[in-house]
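Asker: One point on numbering: in the UniProt record's numbering, the residue at position 11 of the sequence shown is 11, and numbering is uninterrupted.
Dumping the structure here so I can ask a few things about it.
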Amino acid sequence: MSDGVLYADDHMLVAEKPAGLLSVPGRLPQHKDCLITRLQSLYPDALTVHRLDMATSGLMVFARGPEVHRTLSKAFADRQVDKRYIAVVAGDLSADGEVDLPLIKDWPNRPRQMVDHATGKPSLTRYRILGRGEGTTRIELEPVTGRTHQLRVHMMAIGHPILGDDFYAPPEIEALSPRLLLHAERLSLPHPVTAACVAFHAAAPF
């Protein structure tokens with residue numbers, strides 16, 4: 001299938017977004033190219049259900065038509081969608097764990113987000129160690145909640161920013177990779193019509 005489409009039926013699409021491509025159009029003319037626009041050239045009824053950061057690669061699901069869009073949006077809201085990411089972070093994480101830190105938009109520096117214990121929204125990320133490199137750790141990330149930039153902020157907040165992160169990593173960590181080493185590798189959810197569990201995998205390109 002073209003334009004990164006891994007799965008298509010009459011109700012939904014699953015596509016792999018490359019790093020550096022927007023999920024939806026931006027406000028500036030140079031930001032009109034995006035995954036949903038490309039998909040709609042092939043599937044005019046395609047609608048965005050969720051997003052990935054421009055710098056993040058990996059799996060996204062799209063609805064075909066407004067009724068399915070409502071069903072899929074509710075599945076995301078009800079946490080029926082299981083998402084797993086692969087990341088490479090700075091430093092040596094000692095053990096599997098979780099980050100439970102509330103997040104809020106950093107208004108003077110938007111679109112950046114920040115930890116705010118007073119007014120932030122509850123945010124939970126679980127992580128599992130997959131391997132170690134020289135001064136780095138490869139991990140699987142499970143966002144239990146789905147806040148903007150959640151994985152990036154949470155890993156930065158515990159002292160292990162993701163390599164290549166131009167928003168949250170210090171310059172010497174950002175410079176270790178030409179791209180953000182964050183990839184949505186696995187996605188499973190109930191099919192919006194049959195309710196059967198469907199699962200998808202796209203191996204991390206790093």
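Cβ coordinates follow ideal geometry from the N, Cα and C atoms, glycine included.
None of these values were measured; they are calculated from a predicted model.
#1: Please list the segments of the beta strand (DSSP E) lying wholly inside the UniProt domain "Pseudouridine synthase RsuA/RluA-like" (11-155), counting only runs of 3 or more residues, in order along the chain.
#2: Judging by CA-CA distance, which residue of Asp10, Gly4 and Gly135 is the nearest neighbour of Pro18?
#3: Based on the DSSP output, what are the partners of Tyr7 in its beta bridges?
#4: Under a Cβ-count criterion, where at least 16 other Cβ atoms within 10 Å of its own Cβ denotes burial, should Thr56 be classed as buried or exposed?
#5: Determine the closest residue to Leu22 out of Asp9, Cys34 and Leu28, with distance taken between C-alpha atoms.
#6: How would you write the range of the beta strand (DSSP E) that Pro190 sits in, first residue to last?
#7: Whose CA, out of Ala196, Val89, Ala15 and Pro192, lies closest to the CA of Ile173?
#8: Can you grab the Cα-Cα spacing for the pair Ala196 / Phe62, in whole Å?
#9: To the nearest angstrom, how far is it from the Cα of residue 218 to the Cα of Val153?
#10: Using a Cβ-Cβ distance cut-off of 9 Å, determine whether Gln80 contacts chain D.
#11: What residue range is occupied by the uninterrupted alpha helix (DSSP H) comprising residue 266?
#12: Could you tell me which residues DSSP puts in a beta bridge with Ile162?
#13: I need the boundaries of the beta strand (DSSP E) containing Ala199, first residue and last residue.
Answerer: Working from what's here:
#1: Entirely contained in the UniProt domain "Pseudouridine synthase RsuA/RluA-like" (11-155), the beta strand (DSSP E) runs reaching 3 residues are, in chain order, 12-17, 46-48, 57-64, 82-90, 97-100, 103-105, 113-115, 124-132 and 136-143.
#2: Stepping through the sequence shown from its first residue, residue 18 is reached at position 18. With distances taken between CA atoms, Pro18 lies nearest to Gly4 out of Asp10, Gly4 and Gly135.
#3: Mapped onto the sequence shown, residue 7 falls at position 7. Beta-bridge analysis with DSSP links Tyr7 to Val14.
#4: By one-based count along the sequence shown, residue 56 stands at place 56. Buried.
#5: Taking the sequence shown and counting its residues from 1, the one referred to as residue 22 is at position 22. Closest option to Leu22, Cα to Cα, is Cys34.
#6: Stepping through the sequence shown from its first residue, residue 190 is reached at position 190. Pro190 -> beta strand (DSSP E) spans Leu182 to Pro190.
#7: Working through the sequence shown from its first residue, we reach residue 173 at position 173. Nearest to Ile173 by alpha-carbon distance, out of Ala196, Val89, Ala15 and Pro192, is Val89.
#8: The residue you call residue 196 lines up with position 196 of the sequence shown. The residue you call residue 62 lines up with position 62 of the sequence shown. In a straight line, the C-alpha of Ala196 is about 17 Å away from that of Phe62.
#9: No information on residue 218 is available, as it lies outside the stretch 1 to 206 that the chain covers here.
#10: The structure shown contains no chain D, having only a single protein chain.
#11: The chain is shown only over 1 to 206; residue 266 falls outside these bounds and no answer can be derived.
#12: Here residue 162 corresponds to residue number 162 of the sequence shown, with the count starting at 1. Residue pairing by DSSP puts Ile162 in a beta bridge opposite Val89.
#13: Mapped onto the sequence shown, residue 199 falls at position 199. Its beta strand (DSSP E) spans residues Cys197 to His201.
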